[in-house]
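Participant: Okay, handing you the structure first.
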Amino acid sequence: MAFFAAVGGSVLLVLLMSVLHQSGIGNGSNLVTAIMSAVYLALFFPLFFLLFRQQKELNGLRKQVKEGLLLDETTRLYKSSVFEELADTQIKIARRNKWPIGLVVMDIDRLSAVNENYGYEAGNKVLKHFSSMLKSSVRESDLLARYDDDRFVLLLPDCDARNAQKVIQRIQARVLESPVETEESKSINIPFSSGVVSFSGQVARLATIMGRADEALMRAKKKGANRIEVF
């Protein structure tokens, strides 16, 4: 649309120049310049404004599409596929420099019971609140993702198992101190179980590391809710 408007405006300017010359006004160059400048501003200033607005809208749409591809719709955390790609890069860096990396797999305990007792809207509210608490508790360099329904994963660069455990203990305490309020003014606590593993560049594949963290998580869930197990 903007392109055709520009072409049309240029054609109009050429026609106007021809009319001015034929009428004899074109002999006065200052007058012609003033007239052409006025016409130029009248035609093209709105056009430039339109182009600027269209570009701004296009950039906004591109950002929305990008975020939609990268982030989970409910929690606004990375999707599992994005996490795996970024985590692979972090693992390569850690292996090259022999840096420790901590990985934590978390699972919200009894989220299905929340859905059954309070409805799926309350369950989504729990997921959003839990995700918000996680994001506000980790460093900018950490990788955080929703892996599937009620399972989350956190990659902690330059962090050994002991410090990774401390991080998740701190998050666990914060989450328990901040229950979710339902529309019926009922408080829902968010206990969650965690499996922690650490490596120092010795493990080559993310799948192996995730498998170890999942094993620790299963041990935690078997022992009861709101537990942390280290592989």
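Going by this note's numbering, the first residue of the sequence shown is number 179, and it counts up by one from there.
All C-beta atoms, glycine included, are put in the ideal place defined by N, C-alpha and C.
Buried or exposed: Y256, going by 16 or more other Cβ atoms within 10 Å of its Cβ?
Facilitator: Its Cβ being crowded by 16 or more others within 10 Å, Y256 is buried.
Participant: Taking the alpha-carbon of L264 as reference, which of R317, L384 and G402 has the nearest alpha-carbon?
Facilitator: Among R317, L384 and G402, the Cα nearest to that of L264 is on L384.
Participant: Per DSSP, which one or two residues make a beta bridge with G280?
Facilitator: Answer is L334 and S376.
Participant: Considering A385, what are the terminal residues of the alpha helix (DSSP H) in which it resides?
Facilitator: From DSSP, the alpha helix (DSSP H) with A385 extends over L384 to K400.
Participant: Which residue wins for smallest C-alpha separation from E362, given the options D287, L249, S314 and Y296?
Facilitator: Ranking the options by Cα distance to E362, first place goes to Y296.
Participant: Starting from A351, follow the alpha helix (DSSP H) in both directions and report where the run begins and ends.
Facilitator: It spans A339 to L354 - the alpha helix (DSSP H) in which A351 sits, taken as one unbroken run.
Participant: Can you tell me whether V316 is helix, strand or coil according to DSSP?
Facilitator: Of the three classes helix, strand and coil, the one that applies to V316 here is coil, per DSSP.
Participant: What are the complete beta strand (DSSP E) segments, minimum 3 residues, inside the segment 256-309?
Facilitator: Fully enclosed beta strand (DSSP E) runs of 3 or longer: 279-286.
Participant: For my contact list, V331 and F377 are in at a C-beta cut-off of 8 Å; report their separation, rounded to the angstrom.
Facilitator: Rounded, the Cβ-Cβ distance is 15 Å, inconsistent with contact.
Participant: Checking the sheet assignment: what are the DSSP bridge partners for R329?
Facilitator: R329 pairs with D285.
Participant: Distance, Cα to Cα, I269 vs E318?
Facilitator: Roughly 17 Å separates the two Cα atoms.
Participant: State the start and end residues of the unbroken beta strand (DSSP E) segment that holds L321.
Facilitator: From DSSP, the beta strand (DSSP E) with L321 extends over L321 to R324.
Participant: Within its chain, find whatever has a CB closer than 6 Å to the CB of R324; leave out the 5 residues flanking it on each side and keep chain order.
Facilitator: Cβ within range, chain order: D250, T253, L255 and F330.
Participant: Is it buried or exposed, Q350, if we count other Cβ atoms within 10 angstroms and call 16 or more buried?
Facilitator: Q350 comes out buried.
Participant: Between P278, F409 and L395, which has its C-alpha nearest D410's C-alpha?
Facilitator: Outside the modelled stretch of the chain, which goes from 179 to 409, sits residue 410, for which no answer is possible.
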